[in-house]
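Asker:
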Amino acid sequence: MAIKQLTVFLPNQKGSVVSVTDILSKNGINLRALSIAETQDFGILRLIVNDIEAAEALLKDDYLIKTVDVVGVKINDEPGKLTSALDVLDKANINVEYLYAFMARTEKHAYVVLRVEDNEEAESLLVNAGFKLITLADICKL
Numbered sequence: 000m001a002i003k004q005l006t007v008f009l010p011n012q013k014g015s016v017v018s019v020t021d022i023l024s025k026n027g028i029n030l031r032a033l034s035i036a037e038t039q040d041f042g043i044l045r046l047i048v049n050d051i052e053a054a055e056a057l058l059k060d061d062y063l064i065k066t067v068d069v070v071g072v073k074i075n076d077e078p079g080k081l082t083s084a085l086d087v088l089d090k091a092n093i094n095v096e097y098l099y100a101f102m103a104r105t106e107k108h109a110y111v112v113l114r115v116e117d118n119e120e121a122e123s124l125l126v127n128a129g130f131k132l133i134t135l136a137d138i139c140k141l
């Protein structure tokens with residue numbers, strides 16, 4: 000049930016991010032979530048989009064890209080709920096390499112994207128702990 004995330008490596012310079020988002024928007028690719036991390040020389044743009052295959056095809060010739068599976072989990076918008084989800088993984092000795100959240104069209108939930116070593120195990124643990132996973136279908140409805 001993992002979600003595909005597109006990772007784009009960019010030079011850390013003016014116009015780099017907009018060049019990617021411009022290509023995607025002009026081709027009808029809708030951004031559902033994004034995160035960017037930077038160093039002095041380059042940035043790592045992580046994207047969840049409505050059409051991963053089309054996005055890859057559009058960007059692969061001009062950018063260094065990588066597609067990875069990530070776990071998406073629906074978290075109630077209450078203090079401590081993210082900690083509860085992370086605690087489930089921590090108790091099972093699953094390392095969270097990174098995460099980022101995005102808001103949905105509801106005031107009661109946020110969606111969190113997690114990068115872990117074993118998606119299937121993490122998903123099973125989270126479901127068994129009462130969390131709802133999100134799918135590509137859920138993302139496309141946003």
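The letter at position 57 of the sequence shown is residue 56 when you use numbering that gives the first Met the number 0, and the numbering goes up by one with no holes.
Note that beta-carbon positions come from the ideal geometry of N, C-alpha and C, so glycine has one too.
Model, not experiment: these values are computed from the prediction.
1) Using three-state DSSP, classify D68 as helix, strand or coil.
2) Pop quiz: V126 and L132 are said to be a contact at Cβ under 8 angstroms. What is the actual Cβ separation, rounded to whole angstroms?
3) For the beta strand (DSSP E) containing I43, name the first residue and the last one.
4) V111 and I2 - do their beta-carbons sit closer together than 9 angstroms?
5) Could you tell me the alpha carbon to alpha carbon distance between R31 and P10, rounded to whole angstroms?
6) Which partner residues of L30 appear in the DSSP bridge assignment?
7) How close, in whole Å, do the beta carbons of N49 and C139 come, if the pair is a contact with beta carbons under 8 angstroms?
Answerer: Taking the definition as stated:
1) As a working mapping, residue 68 is identified with position 69 in the sequence shown. Of the three classes helix, strand and coil, the one that applies to D68 here is strand, per DSSP.
2) Along the sequence shown, one-based indexing puts residue 126 at 127. Along the sequence shown, one-based indexing puts residue 132 at 133. Going by Cβ atoms, the distance from V126 to L132 rounds to 6 angstroms, so yes, they are a contact pair.
3) Start at 1 with the first residue of the sequence shown, and residue 43 comes out as number 44. That run of the beta strand (DSSP E) goes 41 to 48.
4) As a working mapping, residue 2 is identified with position 3 in the sequence shown. As a working mapping, residue 111 is identified with position 112 in the sequence shown. No, the Cβ-Cβ distance between I2 and V111 is not below 9 angstroms.
5) On the sequence shown, residue 31 is found 32 positions in, with the first residue counted as 1. On the sequence shown, residue 10 is found 11 positions in, with the first residue counted as 1. Looking at the two C-alpha atoms, the distance is approximately 23 angstroms.
6) The count along the sequence shown starts at 1 and reaches residue 30 at position 31. Per DSSP, V48.
7) Locating residue 49 in the sequence shown gives position 50, counting from the first residue. Locating residue 139 in the sequence shown gives position 140, counting from the first residue. About 5 angstroms; that satisfies the 8 angstroms criterion.
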